[in-house]
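A short worksheet on the structure shown next.
In UniProt numbering, the protein residues as written are 1 to 427.
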């Protein structure tokens with residue numbers, strides 16, 4: 001796939017809406033999948049809309065940079081003109097553009113509006129310091145207050161949560177719609193659509209309407225439609241949320257395969273930590289419009305830094321001050337760890353590392369404290385027990401343990417955790 005081969009997305013997404021403020025620095029490298037996670041109202045959808053051009057930035061910038069392999073002479077300058085349709089085109093030094101009227105952009109030379117491959121934006125050039133390196137061209141999609149590229153002029157593909165396939169069109173026609181809208185001829189667009197549907201395993205379903213497709217098939221049609229325009233940026237808005245559990249597992253694997261083959265940039269919004277862990281190369285966690293943690297999935301899972309992230313990856317998380325093998329917790333309580341530490345730390349352990357007893361066990365681990373059952377959540381093969389104490393803790397036990405202890409909300413139990421089960425790392 002050609003899009004994004006040498007392109008990088010650089011953004012500082014700042015959007016103000018009433019009392020809510022999104023302040024999200026975001027970069028995406030070619031071939032990279034970045035997942036945005038966060039609780040409801042964190043700003044994930046606002047970020048996606050800003051990238052797509054559906055919500056203009058209040059401040060910040062959104063740029064696409066590309067090395068085009070051509071070094072311009074020193075002192076040369078790109079100029080831009082706008083045609084009657086409101087679009088713009090790139091002019092090389094001294095080269096007339098007979099297809100466009102002879103007038104410059106109203107934004108002036110310092111913010112000349114240009115287009116590359118039919119995509120409008122402001123063009124800037126900076127030269128790499130390495131010998132013989134090509135210049136890095138930057139196409140601005142949104143730089144308030146002067147530059148804003150309309151959604152239809154951005155090289156963006158979107159897969160919506162509900163797919164939003166055209167009900168009256170066949171799978172082939174749905175996928176061909178994007179190329180046709182960008183000026184590709186009917187025959188070429190249909191051939192391109194057929195190729196994409198073959199690529200996602202739907203070569204035998206070209207004539208089917210959306211109502212005749214399964215959830216997994218509809219998702220793949222939506223993905224093919226988004227990629228058929230060869231976008232530089234692919235946006236996935238909860239792409240697996242509409243699928244049942246059985247279909248989700250298979251489609252997640254298929255989607256992962258196609259994303260690995262895609263050479264452009266992907267931003268995924270999801271509430272499902274498993275989707276993010278499996279599909280993304282990097283996680284960006286948002287809370288209240290700001291980044292609270294960022295990193296590779298394995299790193300985030302091992303070292304959560306907020307309660308939301310800890311809950312997301314299924315860990316108990318505490319902040320405290322460590323001295324040797326003792327951690328005094330900031331919200332009360334003490335934990336003993338196996339490896340010495342010093343200073344401000346986070347301490348984590350898995351819920352299944354917690355043992356529950358009706359009486360204080362003899363010869364018990366050093367981490368033993370009395371708690372009260374405040375809630376229980378039954379899952380397929382386990383039960384999660386929320387316990388109030390100093391500190392509060394989440395335990396995960398088997399149904400047999402629940403039956404043996406006759407656990408019910410309000411009862412007192414003793415919780416234990418081995419020091420070797422607790423991981424401490426700098427806060």
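Heads up, the beta-carbon is just placed ideally off N, CA and C, and yes, glycines get one too.
Going by CA-CA distance only, name the one from 285, 365, 204 that's closest to residue 45.
285
Where residue 169 sits in the DSSP three-state scheme
Here residue 169 sits in coil by DSSP.
So what's residue 44 in DSSP terms, helix, strand or just coil?
helix
Between 242, 408, 58, which lies nearest to residue 17 when the distance is taken from Cα to Cα?
That would be 58, whose Cα lies nearest to the Cα of residue 17.
Exposure of residue 130, with buried meaning 16 or more beta-carbon neighbours within 10 Å
Caution is warranted here: a pLDDT of 47 is assigned to residue 130, below 50, making its placement in the model unreliable, and no coordinate value can be reported.
Suppose you measure from the CA of residue 199 to the CA of residue 399; what does that come to, to the nearest Å?
45 Å
In whole angstroms, what is the alpha-carbon distance linking residue 243 and residue 303?
30 Å
Alpha-carbon spacing of residue 174 relative to residue 221, whole angstroms:
8 Å
Skipping 5 residues on each side, what residues in its chain have a beta carbon closer than 8 Å to that of residue 349?
315, 316, 417, 421, 422, 423
For residue 212, count neighbouring C-beta atoms within 10 Å of its own C-beta (all shown protein chains included) and say buried if the count is 16 or more, exposed if not.
exposed
Cut-off 6 Å between Cβ atoms - residues of its own chain near residue 355, not counting five sequence neighbours on either side:
416
Considering only residues of the UniProt domain "Mop" (362-426), which uninterrupted alpha helix (DSSP H) runs meet the minimum length of 4 residues and lie entirely inside it, listed in chain order?
399-405
DSSP state of residue 319 mapped onto helix, strand, coil
Correct three-state label for residue 319: strand.
Whole-angstrom Cβ separation of residue 273 and residue 313, contact assumed at under 8 Å?
6 Å
The beta strand (DSSP E) with residue 290 in it runs from where to where?
Bounds of the beta strand (DSSP E) holding residue 290 are 290-295.
Provide the residue span of the alpha helix (DSSP H) that contains residue 354, from first to last.
Counting along the chain, residue 354 falls outside any alpha helix (DSSP H), and DSSP gives it neither H nor E.
How many angstroms separate the CA atom of residue 392 from the CA atom of residue 43?
In a straight line, the C-alpha of residue 392 is about 29 Å away from that of residue 43.
Looking only at its own chain, which residues have a Cβ that is under 6 Å from the Cβ of residue 219, when we skip the five neighbours before and after it?
251
Since residue 55 is in the beta strand (DSSP E), which residue starts that stretch and which ends it?
That residue, residue 55, is in no beta strand (DSSP E); it is neither H nor E in DSSP.
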